[in-house]
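Asker: Residue numbers (this note's numbering), protein chains in the order written: chain A, 1 to 83; chain B, 1001 to 1280; chain C, 2001 to 2379. A virtual CB, placed ideally from N, CA and C, is assigned to each residue, including glycine.
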C-alpha cells in the first residue's frame, strides 16, 4: 500500500482489478493473458464451486485491461485508483 | 464483501440471466463484450439497436444482452434481420451466429444479403465446430481436426468465409479473433457506423469441445493457438487471405467500400413507382 | 365509383384485400399458381411506400415477413405446395413467438412438384398440422373472388387480434377465375391493429395475457428491449428449461385459439333445417356442390349443404348443428381425402359419412357430382 501511495505521489497511474467473484468460471484466460502476471487463482470457492481470480500484485498492474476485455463472463474489470 | 459489484457495462446486460451458459473460457462471451463496448463507446441509443441470432451457442447472445432481440431458427437470422431493418430502417440491426448457423444452413441467406448490400452487420463467431449440439464437423473445421462426425479425418476442406462473402459483393469484410478483443471492438464500431452489408468473422475458442477433442487442455492453450495462427495483414485482397489451421489464418480488414445499399435501392424504387402515377 | 369495381381473378383480389388491410411488406418467391400475387405486390407496394422483397427462397420469404412483423409492419407472403412445405419451420416460429403474419397457400396438384398450374385441395391438413409439435392455427378458405378479398382483410385482422400466423388457403381455380370484385375502401371495413403496451419497460412482460390469452407485444424499436425467442419461454420471453414452463407454454399457445374459436369460426349452410343428406365442401369446389344441391332440392330431394369457411379451427359445433336431422353426410373434395378428417372427428353419432374424392384436377360439373352423389347416398 505504501508503494502505491508513493506511486500516486510520483504521478504514476495506479489500478485496481475488481473481480465479481460469483461470475468467475475459473477459465484462467485473464491469469494467462496478463502481461505483468499480477493475477492468480484464489484457494477458496465461489457459490458455483469455482475458484475465482484475484489480484495478487496490485503494484505491477499497468491497467492494460487485457483481463477485462478477454473475460467472457463480465467478471473482472479494471478501475483506476485516483487520489 | 457482500456489496453488489456492477461491471461497467452492466446496463447492457440482462443481469438476472447471468451467469450465462457458455463454457468456462468460451470466446463468445468475449465477442459479446466487444460488441457492447463498441455500442457504449459510440454512445449509440440502445433502444435503436436490434440483435437477431440463429441457433447455436453464439445464437444465445440475445438472451443475455438488453436490446430488442430475436432468437430465431437455425440459419434464418439474416432474413429475419433484413425484415426488421426494412420495416424500421432507423434501427441498427446486428446478426450474431456461429459458423454452422451462418455459413452452412444459412449460407444462401448470407450470400444474398451480401449481394444485395443489405444494411446489416453480421458477426459470425467461428469456433470451427458445431458446439451446442456436442461437437460435429462444420464447414469451417480444419480438415485434420477430429470431431464427432468426422472421426476418420481428414474430411473436405473448409470455407474461407472471407473469400466467399467478398465474392458475393459485401462492402465490408473483416476477420478478427477473440485474442484481440480491442481490434475486434474497433472493427465492430466501424461496422455499426457504416451503411450496407458488414461481415465480421471472429475466430473464437471452444475449449470444452473443439479444444478437448483436438488436444488443447486449457482454454488458454486453445486461445494461444488461435493467437499464433492469426496473422494480421493490411492492404491485402480478401482473395489472398489464408485460412489454414496449420499455417496462417489471415486477420484484418479486407474490404471496405462505399456502394449503394439495399435501402438506397428500395427508396429509389419507391420514388420511381410514385413518380409513375397511380394506374391500377 | 367504378374505379372500385374490377373484373379480376382471385390472386388479384388477395392483393387488393391485403393493401386495404394495411399490408405494406411482402417477401415472396415465385411459384405457380401464386406468382401473380408477388408480381402485383411488387408493382403496388412501392407506390404506397411499402416494401417488396424477392426472397432468395421460400425460407428467406417466411423469415423476412416474420422480421418485418416483429418490427411492427403487417406482412404477407404467398406460395403454393412445394414452397408451403418449405415454410413450415417458419410458421412454427411465428406461432411460438406469437407474430402476426399472413401466408397464402394457393393449392396445386401434388405431391411434390405435381402439376404446377392445376388446382388441388390437398393441403387442408397441412394447413393445420404442417409444422412440428403442438399448436393451433387459423386457416381461411374463400370460394369466390369477392370472398378472397374480404377474407384477406379478415386474415390480417385475425392475425393482429390473436397475435398468430394465419393460413389463407386458395387454389388454382380461385387464383385464375375472374369475377366481379368490389374493392371496399378502408373506411368501409373494420381494420384491426395489434395492441401496443402502455406500461413502463421495467414492468412490461411481453407475454402477459388478457382474458382471451392474447399478449400485447411491443415492436422492435419501441424501447422495451424485448426478446422474441423460438425456445420455450415464460412471460418475460425468457427461455426456461422447466417442465412447468413447457406445460404452460404449450397449453397457452393452443388454448389461445381454442378458447376463442367461436369468435373466429365462419361457415355457410343452406337447406340444412330438414336435410337428410348434407354435402360438405370448401373453396370453389363448394360452389359446384351447392349448384348440385340446389338442383336436387328443386326436384324434391332433401339435400343440404355445409361449407366451412374457417377450415381451422374447424366449425365443429356448427357442423353438428347443421346435420342434426340428417342421417348421411357426404364430403366432396378435389383430393384423395383431407376435409374428410375433421368431418370424421366432428361427427360421431349414428351418422353415415360418405366421401367423394374428386381425383381429377379438371373441376367437375354439378351433374358429374350429382351422379357420384346418388351412388354414394344409395350405398
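#1: What span of residues does the beta strand (DSSP E) with residue 1250(B) cover, start to end?
#2: So that I know if they touch, is there some Cβ in chain C lying closer than 8 angstroms to that of residue 1235(B)?
#3: Measure from the alpha carbon of residue 1034(B) to the alpha carbon of each residue in 1189(B), 1097(B), 1044(B), 1091(B), then state which is nearest.
#4: By a C-beta neighbour count over all protein chains shown, 10 Å radius and 16 as the cutoff for buried, is residue 1279(B) buried or exposed?
#5: Where does residue 2009(C) fall in DSSP's three states?
#6: Quick check: the region 2261–2281 of chain C against the region 2242–2249 of chain C, are at least 3 beta-carbon pairs closer than 8 angstroms?
#7: For residue 2081(C), which of 2023(C), 2048(C), 2221(C), 2130(C) has the nearest alpha-carbon?
#8: Have a look at residue 2121(C) and residue 2033(C) and give me their C-alpha separation to the nearest angstrom.
#9: With a threshold of 6 angstroms on Cβ separation, who are the neighbours of residue 2256(C) within its own chain once the five nearest residues in sequence on each side are excluded?
#10: Taking Cβ to Cβ, would you say residue 1128(B) is nearer than 8 angstroms to residue 1165(B)?
#11: Ordered along the chain, which non-local residues of its own chain (more than five positions away) have a Cβ less than 7 angstroms from that of residue 1147(B)?
#12: For residue 1099(B), does the count of other Cβ atoms within 10 angstroms reach 16, so buried, or fall short, so exposed?
#13: Residues of chain C with CB under 8 angstroms from residue 1017(B), in chain order?
#14: Comparing the CB of residue 2003(C) with every heavy atom of the ligand SAM, is any distance shorter than 7 angstroms?
#15: What would DSSP say about residue 1021(B), mapped onto helix, strand or coil?
#16: Can you give the beta carbon distance from residue 1083(B) to residue 2064(C), rounded, assuming they're within the 8 angstroms contact cut?
#17: Taking residue 21(A) as the reference, which of 44(A), 57(A), 81(A) has the closest Cα?
#18: Would you mind giving the Cβ-Cβ distance between residue 2354(C) and residue 2376(C), rounded to the nearest angstrom? I have them listed as a contact below 8 angstroms.
#19: With 16 as the cutoff for other CB atoms within 10 Å, does residue 1101(B) come out buried or exposed?
#20: For the region 2229–2262 of chain C, enumerate the residues whose C-beta is nearer than 8 angstroms to any C-beta of chain B, in chain order.
#21: Do the region 1018–1033 of chain B and the region 1062–1079 of chain B make contact, defined as three or more Cβ pairs closer than 8 angstroms?
#22: For the beta strand (DSSP E) containing residue 2269(C), list its first residue and its last residue.
#23: Going by DSSP, name the residue or residues bridged to residue 1224(B).
#24: For the candidate residues 1187(B), 1122(B), 1186(B), whose alpha-carbon lies nearest to that of residue 1161(B)?
#25: Quick one: Cα of residue 1057(B) to Cα of residue 1028(B), how far?
#26: Buried or exposed for residue 2345(C), please, with buried defined as at least 16 other CB atoms from any protein chain shown within 10 angstroms of its CB.
#27: So, is the C-beta of residue 1120(B) closer than 8 angstroms to a C-beta in chain C?
#28: Quick one: Cα of residue 76(A) to Cα of residue 2199(C), how far?
#29: Any beta carbon of chain B sitting closer than 8 angstroms to that of residue 2165(C)?
#30: Do residue 2366(C) and residue 2288(C) count as a contact pair if the criterion is CB distance below 8 angstroms?
#31: Could you tell me whether the Cβ of residue 46(A) comes closer than 8 angstroms to any Cβ of chain B?
#32: Whole-angstrom Cβ separation of residue 2137(C) and residue 2312(C), contact assumed at under 8 angstroms?
#33: Could you tell me which chain A residues have their CB closer than 9 angstroms to the CB of residue 1058(B), listed as they occur along the chain?
#34: Under 8 angstroms, Cβ to Cβ, is there at least one residue of chain A near residue 1206(B)?
#35: What's the C-alpha gap between residue 1046(B) and residue 1103(B)?
#36: Note down, in chain order, every chain A residue with its Cβ under 7 angstroms from the Cβ of residue 1028(B).
Answerer: Walking through what the data contain:
#1: 1248–1256
#2: no
#3: 1189(B)
#4: With a pLDDT of only 46 at residue 1279(B), under 50, the local geometry of the prediction cannot be trusted, and no value is derived from it.
#5: strand
#6: no
#7: 2130(C)
#8: 13 angstroms
#9: 2213
#10: no
#11: 1129, 1135, 1136, 1137, 1141, 1213
#12: buried
#13: 2238
#14: With respect to small molecules bound, the structure shown includes none, and the ligand SAM cannot be examined in it.
#15: coil
#16: 4 angstroms
#17: 44(A)
#18: 4 angstroms
#19: buried
#20: 2229, 2230, 2231, 2238, 2239
#21: yes
#22: 2267–2270
#23: BP columns for residue 1224(B) are empty, so no partner.
#24: 1122(B)
#25: 8 angstroms
#26: exposed
#27: no
#28: 35 angstroms
#29: no
#30: yes
#31: no
#32: 6 angstroms
#33: Here the premise fails: no neighbours, minimum Cβ distance about 12 angstroms.
#34: no
#35: 28 angstroms
#36: 72
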